[in-house]
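Counting with the UniProt record's numbering, you get residues 1 to 381 for the letters of the sequence shown. Every residue gets a Cβ at the ideal spot worked out from N, C-alpha and C, and that includes glycine. Just so we're clear, the structure is a prediction, and the values are computed from it rather than from any experiment. Below is one structure, written out as structure tokens; comments come after it.
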Amino acid sequence: MTFFDLARRNVVRHWLRSSLAVIGIVIGVIAIASLGIMGNSIGLMFNDMVSDVGDTLIVSPAMGVGGGKLTERQVSDISRAVGSNDVIPFSSTGDRVAVGDRESTAMIYAIPAEDIPSLLDMESGGFPRDTGGGCLIGSQLAANSRENGLKLGARVRIGDETLRVVGVLKERGMGFDINPDYAIVVPYSWYSNHYDEDDYDQVIVKVRDVNDIDAVKESIEQRMNRREDTVNVMDTRGILESVFAATESITVFLAGIGAISLLVAGVSILNVMLMSVTERIKEIGVLRSIGTRRGEVMRMFIYEALFLGLAGALIGGVLSFCAGYLVTVVFAGNADYLFDPASLLYIVFGMAFGVITSVASGLYPAWKAAHLNPIQALRHE
């Protein structure tokens, strides 16, 4: 019988004690994997929610300047400052609207008709014209307006005027510029007549090459803020980098909490192994008296810790996958996040950490067993 077989026999012989140690590893693996998956899913969810606006600059009037509006002349100055990049001015307001069978409050975005295709994508229908009396409706607002969704050609009432829905926008997600999914988009000419406004709230600059963002931002500030601060320029790329760094920190923090529970399980294995050494002192004395080397005795106890770690890691890995599925469905609402390589890596990491913790916890008891005095061990009662 090999020392590997002796280690396996001892684990099976004390099955209740071994099972409790394995349960500790299982709980630790599940904790580290599921919390890591949850943190990664939060990051992926936010990444999906935030539109691809890393190439966007948002220009807004400086506080207390121009009544919070940008004039047509200022928009022209911004256009000259950014060169060939797209400049899209817009205004927005909230109003009571009747869409389909329901009346509610919705955001209304007003964009010059010729600029709408540069900013928004269509799911169905076409873009409105300045003189067509049409509007666009966000995908989520359209879906919530009627049981089977809002159809093209439906009517939208804003105040005492009615507009025809000429297109449904593709879902865009949350952005730092506009959020059209639950909104109505109208040509600026209609908005100007309806609300009696001639100025804009903000200007969106879509930079063709993201490497030029800093240069374009500096050009706007030099032209517009030469004498005094008249506009603020927000770089969405910098905001996104900060947000994603924060989500990564959250993921690491959650995984660290799981690692603490796994270390607690390691202490449990250390206790089990020390008890095993105490109970088997005489057996160790017999093995040493027949010529068994210290290294062989040490390996036997390390094998026992390895058995416990592998059993806990394998069971914990399977249960972590199930727990990860529940976490992504409950907290992120999308089970597909579980199959992201980074999420699956947390399961592998949890299993590996469980095995390493188990073996590390068995090192001292194994060393203690290997260095027992054979004669004293044989006399032990």
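Segment limits, alpha helix (DSSP H) that includes residue i
i: residue 119; result: 116-119
i: residue 106; result: Note, residue 106: premise wrong, no alpha helix (DSSP H); beta strand (DSSP E) at 102-111.
i: residue 144; result: 139-145
Cβ neighbour criterion (16 or more within 10 Å) applied to residue i
i: residue 236; result: buried
i: residue 286; result: exposed
i: residue 85; result: buried
i: residue 217; result: buried
i: residue 351; result: buried
i: residue 275; result: exposed
i: residue 278; result: exposed
i: residue 222; result: exposed
i: residue 259; result: buried
i: residue 376; result: exposed
i: residue 365; result: buried
i: residue 372; result: buried
i: residue 245; result: exposed
i: residue 388; result: There is no way to answer for residue 388, as the model of the chain reaches only from 1 to 381.
i: residue 348; result: exposed
i: residue 107; result: buried
i: residue 272; result: buried
i: residue 224; result: buried
i: residue 117; result: exposed
i: residue 257; result: exposed
Segment limits, beta strand (DSSP E) that includes residue i
i: residue 122; result: 122-125
i: residue 182; result: Element bounds for residue 182: n/a, residue is neither H nor E.
i: residue 361; result: From DSSP, residue 361 is part of no beta strand (DSSP E) but of the alpha helix (DSSP H) over 341-370.
i: residue 338; result: Careful: residue 338 lies outside any beta strand (DSSP E) and carries neither H nor E.
Cut-off 6 angstroms between Cβ atoms - residues of its own chain near residue i, not counting five sequence neighbours on either side
i: residue 39; result: 250, 251 and 254
i: residue 130; result: 113, 187 and 189
i: residue 312; result: 22, 25, 26 and 354
i: residue 162; result: 155
i: residue 157; result: 98
i: residue 370; result: 294, 297 and 298
i: residue 268; result: 21 and 24
i: residue 60; result: 202 and 232
i: residue 140; result: 181 and 182
i: residue 51; result: Note that residue 51 scores 47 on pLDDT, short of 50, meaning its location in the model is unreliable; the coordinates nonetheless yield the value given after this. The answer, listed in chain order, is 172, 173 and 175.
i: residue 119; result: 88
i: residue 159; result: none
i: residue 329; result: 335
Whole-angstrom distance between residue j and residue i, CA atom to CA atom
i: residue 136; j: residue 199; result: 21 angstroms
i: residue 298; j: residue 324; result: 37 angstroms
i: residue 70; j: residue 331; result: 41 angstroms
i: residue 219; j: residue 77; result: 11 angstroms
i: residue 281; j: residue 368; result: 10 angstroms
i: residue 58; j: residue 215; result: 14 angstroms
i: residue 138; j: residue 185; result: 8 angstroms
i: residue 34; j: residue 304; result: 27 angstroms
i: residue 307; j: residue 261; result: 20 angstroms
i: residue 126; j: residue 164; result: 12 angstroms
i: residue 15; j: residue 170; result: 59 angstroms
i: residue 317; j: residue 30; result: 7 angstroms
i: residue 110; j: residue 153; result: 20 angstroms
i: residue 197; j: residue 208; result: 30 angstroms
i: residue 91; j: residue 321; result: 47 angstroms
i: residue 343; j: residue 300; result: 35 angstroms
i: residue 36; j: residue 177; result: 31 angstroms
i: residue 42; j: residue 234; result: 25 angstroms
i: residue 17; j: residue 144; result: 57 angstroms
i: residue 68; j: residue 62; result: 7 angstroms
i: residue 12; j: residue 247; result: 44 angstroms
i: residue 93; j: residue 338; result: 39 angstroms
Neighbourhood of residue i by C-beta, 7 angstroms cutoff - its chain only, sequence neighbours within 5 removed
i: residue 326; result: none
i: residue 340; result: 40 and 44
i: residue 374; result: 285, 288 and 289
i: residue 382; result: Shown here, the chain extends from 1 to 381; a query on residue 382 therefore has no answer.
i: residue 115; result: 88
i: residue 8; result: 307
i: residue 412; result: The structure shown does not extend to residue 412, since the chain spans only 1 to 381, so no value can be given for it.
i: residue 123; result: 139, 168, 169 and 170
Cutoff 8 angstroms: residue i Cβ touching any chain B Cβ
i: residue 97; result: Within the model displayed, chain B is absent; a lone protein chain is all it includes.
Nonlocal neighbours in the same chain, by C-beta distance under 8 angstroms from residue i, ignoring five residues either side
i: residue 333; result: 45
i: residue 205; result: 56, 57, 58, 59, 78, 82, 85, 86, 87, 88, 216 and 220
i: residue 357; result: 25, 28, 262, 263, 265, 266, 269 and 309
Check your understanding: For the segment 250-335, which segments carrying the alpha helix (DSSP H) assignment without a break, of at least 4 residues, lie completely within its bounds, in sequence order?
Key -> 281-289 and 294-327
Review point. Where are the beta strand (DSSP E) runs, 3 residues long or more, that stay fully inside the segment 151-238, in chain order?
Key: DSSP runs (the beta strand (DSSP E)) wholly in the segment 151-238: 155-158, 161-169, 183-187, 202-206 and 231-235.
Check your understanding: Considering only residues of the segment 51-91, which uninterrupted beta strand (DSSP E) runs meet the minimum length of 3 residues and lie entirely inside it, listed in chain order?
Key -> 56-61
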